[in-house]
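To start, the structure under review is shown below, and the notes come after it.
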Amino acid sequence: MNIEKTFIKDLVVVEPTVFGDERGYFFESYSKTKFSDLGIEIEFVQDNQSFSKKGTLRGLHYQNPPFAQTKLVRVLEGEIIDVAVDLRKDSPTYGKAFSILLSAENKKQLLVPQGFAHGFSVISETASVMYKCDQFYNKASEGGIKFDDPSLNIDWGMDLENAIVSEKDQILPFIENCNSLF
280 MNIEKTFIKD LVVVEPTVFG DERGYFFESY SKTKFSDLGI EIEFVQDNQS FSKKGTLRGL
340 HYQNPPFAQT KLVRVLEGEI IDVAVDLRKD SPTYGKAFSI LLSAENKKQL LVPQGFAHGF
400 SVISETASVM YKCDQFYNKA SEGGIKFDDP SLNIDWGMDL ENAIVSEKDQ ILPFIENCNS
460 LF
């Protein structure tokens with residue numbers, strides 16, 4: 280397993296070691312021991328999975344403390360543009376967005392720590408996304424940022440005019456007006 284640091288502190292890309300042969304492949308997508316050896320101490324408590332069709336945009340979502348979540352995001356089928364936005368007000372990268380192509384083919388994962396908003400867009404015909412969380416979902420603590428906030432300048436890899444976005448996500452505030460407690 281390899282960890283690739285990003286320009287945002289604590290936001291890392293996890294690249295598993297893949298063992299392939301004529302039968303296919305095998306890899307550990309998560310190992311508490313290996314993560315611990317890499318300096319990542321997280322106790323995951325919940326796995327979530329979503330299925331979406333091309334043009335779907337989900338996010339940007341977060342949960343406020345004490346229910347803030349660290350997420351380990353990976354794609355089981357298809358391709359997404361995965362995005363994390365730093366909401367930690369004392370961070371030098373506050374308000375900065377990071378994006379990465381995650382796919383079933385590249386098998387990369389994004390470790391999104393507490394203090395970030397997270398979302399993704401589906402750029403393949405369909406995509407199945409799975410993510411581990413270190414906190415349970417708590418509706419009262421949820422928050423979000425509008426996906427097309429001009430201050431974030433996110434390239435979602437699609438025409439936003441035709442994006443499939445939930446009503447809830449369409450009315451989220453821009454980052455300057457979000458209720459983040461980080």
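When you read off a place in the sequence shown, starting at 1, and then add 279, the result is the number in the numbering used here. Cβ coordinates follow ideal geometry from the N, Cα and C atoms, glycine included.
DSSP state of residue i, grouped into three classes?
| i | result |
| --- | --- |
| E440 | helix |
| Q388 | strand |
| E294 | strand |
| I454 | helix |
| F377 | strand |
| D365 | strand |
| N432 | coil |
| L360 | One point to set straight first is that residue 360 is Ile, not Leu, in the sequence displayed. In this structure, I360 counts as strand in the three-state DSSP scheme. |
If you follow the beta strand (DSSP E) that residue i is part of, which residue opens it and which one closes it?
| i | result |
| --- | --- |
| Q342 | L336 to Q342 |
| F298 | F298 to D300 |
| E332 | Residue 332 is actually Lys in this sequence, not Glu. Segment Q325 to K332, the beta strand (DSSP E) holding K332. |
| E356 | K350 to E356 |
| Y304 | G303 to F305 |
So does residue i have its beta carbon nearer than 7 Å to some heavy atom of the ligand ZN?
| i | result |
| --- | --- |
| L460 | Of the ligands one can find in the structure shown there are none, so the ligand ZN has no counterpart to examine. |
Does the Cβ of residue i have 16 or more other Cβ atoms within 10 Å, making it buried, or fewer, making it exposed?
| i | result |
| --- | --- |
| I424 | buried |
| P392 | buried |
| R302 | exposed |
| G299 | exposed |
| S430 | exposed |
| M419 | In the sequence as presented, Met is not what sits at residue 419; that position holds Ala. Classification for A419: exposed. |
| V401 | buried |
| E320 | exposed |
| D316 | exposed |
| E384 | exposed |
| K311 | exposed |
| D369 | exposed |
| D326 | exposed |
| F426 | buried |
| V291 | buried |
Provide the residue span of the alpha helix (DSSP H) that contains residue i, from first to last.
| i | result |
| --- | --- |
| D316 | K311 to D316 |
| K288 | Counting along the chain, K288 falls outside any alpha helix (DSSP H), and DSSP gives it neither H nor E. |
| E446 | E446 to Q449 |
TODO: Decide yes or no for the touch test of the region 370-381 against the region 317-332: beta carbon pairs closer than 8 Å, at least 3 of them.
DONE: no
Task: Meets three-Cβ-pair contact criterion under 8 Å: the region 407-421 and the region 429-443 - done: no
- [ ] May I have a chain-ordered list of the beta strand (DSSP E) segments no shorter than 3 residues that lie completely inside the region 381-429?
- [x] 388-391, 395-401, 405-412 and 421-423
TODO: Decide yes or no for the touch test of the region 439-451 against the region 345-357: beta carbon pairs closer than 8 Å, at least 3 of them.
DONE: no
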